[in-house]
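J.: First residue of the sequence shown? That's 0 in numbering that gives the first Met the number 0, and the numbers climb one at a time after it. Using N, Cα and C, we set each Cβ at its ideal position, and we do this for glycine too. Below is one structure. I have some questions about it.
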Amino acid sequence: MSRRAEWSRREFLAYGSILGWLPFFRPRHIRLAGATFRVIRNGRSKHRYLLIHGNEETAREVLIRHMQAHEGVAYAIQNHTRNVTLDSGQIDPNRMFSRVGAEANLRKLNPDWTPDRIQSALGELDRGREKLVHAMLPPEGGLIIALHNNSEGYSVEDEAPISDARSLREPSNPHAFYLCTDPEDFRILSASGYNVVLQQHVPQEDDGSLSRLAARRGVRYVNLEVGQGHRGRQKEMLDWLEWSLK
0 MSRRAEWSRR EFLAYGSILG WLPFFRPRHI RLAGATFRVI RNGRSKHRYL LIHGNEETAR
60 EVLIRHMQAH EGVAYAIQNH TRNVTLDSGQ IDPNRMFSRV GAEANLRKLN PDWTPDRIQS
120 ALGELDRGRE KLVHAMLPPE GGLIIALHNN SEGYSVEDEA PISDARSLRE PSNPHAFYLC
180 TDPEDFRILS ASGYNVVLQQ HVPQEDDGSL SRLAARRGVR YVNLEVGQGH RGRQKEMLDW
240 LEWSLK
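This is the structure:
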């Protein structure tokens, strides 16, 4: 090996140790259509975290601060609106995880689109969907935690009738709840003082959400829902979840 080649190798190894191998080799962003996610890595935990709606700022703040003290990988959407752009139209990013769900959402949000335009947009999603899913889903035995904020129009009362099991410890606060896909996680979360529903078996309607995809694939998933602006409650429930589920 020449002296120059050996020196180049030493330089490469030195810079790698300074910069850190994982940040250097792994992307800091991942995208599908108009949804760009910032990737935040900390340690080697099998926990994955997701902020998918850009207008849910309470969840964003809680997640970013949580990642400063806890290991795992987080995916935080970069925009600050609920919907994202797709072919000059719009789509809810939590409806992109199946073709059926995406098509229904595109028709709803873009009523003037022609069938050809819808098919073109679906083709773009089809080409990039599995790459995004592969990145976001945890390794075997891991857990994905999605943080959401809701409004007066949505609560655990909407999910309870279509769930396999439910534990409603706070019926007076229906906007704060866990939705999970794993029966053992449900058993553990039911010991908390919070509302919990289990959706292990996928409802007949495929809405294109990540929770439905996780249920179909047998992936452990917990959706943490809290009303917008309730930072203290969301942090409290996330900390309890983090401590309880491994």
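With 16 as the cutoff for other CB atoms within 10 Å, does threonine 322 come out buried or exposed?
T.: One cannot answer for residue 322 here, as it falls past the ends of the chain, which runs 0 to 245.
J.: Report yes if the C-beta distance between glycine 33 and alanine 101 is below 7 Å; otherwise report no.
T.: Residue numbering aside, residue 33 sits at position 34 when the sequence shown is read from its first letter. Residue numbering aside, residue 101 sits at position 102 when the sequence shown is read from its first letter. The answer is no: Cβ separation not under 7 Å.
J.: Going by the beta-carbon positions, is the gap between glycine 226 and histidine 147 smaller than 7 Å?
T.: Here residue 226 refers to the residue found at position 227 of the sequence shown. Here residue 147 refers to the residue found at position 148 of the sequence shown. Going by C-beta atoms, glycine 226 is not nearer than 7 Å to histidine 147.
J.: Report the rounded CA-to-CA distance for glycine 122 versus glutamine 198, giving the unit in angstroms.
T.: Taking the first residue of the sequence shown as 1, we reach residue 122 at position 123. Taking the first residue of the sequence shown as 1, we reach residue 198 at position 199. So the two alpha carbons sit approximately 29 Å from each other.
J.: Alpha carbon to alpha carbon, how far is proline 182 from aspartate 238? Give it in angstroms, no decimals.
T.: Here residue 238 refers to the residue found at position 239 when the sequence shown is read from its first residue. Here residue 182 refers to the residue found at position 183 when the sequence shown is read from its first residue. The alpha-carbon atoms of aspartate 238 and proline 182 are separated by roughly 20 Å.
J.: So, are the CB atoms of valine 38 and leucine 136 less than 7 Å apart?
T.: Here residue 38 corresponds to residue number 39 of the sequence shown, with the count starting at 1. Here residue 136 corresponds to residue number 137 of the sequence shown, with the count starting at 1. Their beta carbons are not under 7 Å apart, which means valine 38 does not touch leucine 136 by this criterion.
J.: Compute the distance between the beta-carbons of leucine 223 and tyrosine 177, then report whether it is under 7 Å.
T.: Your numbering for residue 223 matches position 224 in the sequence shown. Your numbering for residue 177 matches position 178 in the sequence shown. It is a contact, given that the beta carbons lie within the stated cut-off.
J.: For chain B, is any of its Cβ atoms less than 7 Å away from the one on methionine 95?
T.: Absence of chain B from the displayed structure is noted, only one protein chain being present.
J.: Where do the N-terminal and C-terminal ends of the alpha helix (DSSP H) with glutamine 118 fall, by residue?
T.: Residue mapping note: residue 118 aligns to position 119 of the sequence shown, counting from 1. Segment 114-135, the alpha helix (DSSP H) holding glutamine 118.
J.: Does the stretch 41-61 come into contact with the stretch 139-158, if we say contact requires no fewer than three beta-carbon pairs (one atom in each stretch) closer than 8 Å?
T.: The answer is yes - the stretch 139-158 touches the stretch 41-61, with three or more Cβ pairs under 8 Å.
J.: Taking all protein chains shown into account, do 16 or more other C-beta atoms lie within 10 angstroms of the C-beta of histidine 79, making it buried, or fewer, making it exposed?
T.: Residue mapping note: residue 79 aligns to position 80 of the sequence shown, counting from 1. The residue in question, histidine 79, is exposed, as its Cβ has fewer than 16 Cβ neighbours within 10 Å.
J.: Below 7 Å between beta carbons: does that hold for threonine 35 and glutamine 77?
T.: Along the sequence shown, read from residue 1 onward, the residue named residue 35 stands at position 36. Along the sequence shown, read from residue 1 onward, the residue named residue 77 stands at position 78. Cβ atoms of threonine 35 and glutamine 77: closer than 7 Å.
J.: Going by the CB atoms, is the gap between histidine 200 and aspartate 163 shorter than 7 Å?
T.: In the sequence shown, counting from the first residue as 1, residue 163 sits at position 164. In the sequence shown, counting from the first residue as 1, residue 200 sits at position 201. Their beta carbons are under 7 Å apart, which means aspartate 163 touches histidine 200 by this criterion.
J.: Can you check which of these residues, Arg98, Glu70 and Arg216, is closest to arginine 47 by C-alpha distance?
T.: To locate residue 47, count along the sequence shown from 1; it is residue 48. Among Arg98, Glu70 and Arg216, the Cα nearest to that of arginine 47 is on Glu70.
J.: Can you tell me the Cβ-Cβ gap for aspartate 86 and arginine 116, rounded? I've got them flagged as a contact below 8 Å.
T.: As a working mapping, residue 86 is identified with position 87 in the sequence shown. As a working mapping, residue 116 is identified with position 117 in the sequence shown. That belief holds up - the Cβ atoms of aspartate 86 and arginine 116 are roughly 7 Å apart, short of 8 Å.
J.: Which same chain residues end up closer than 6 Å to glycine 141 when comparing Cβ atoms and leaving out the 5 residues on each side of it in sequence?
T.: Counted from its first residue, the sequence shown places residue 141 at position 142. Contacts found: Lys45.
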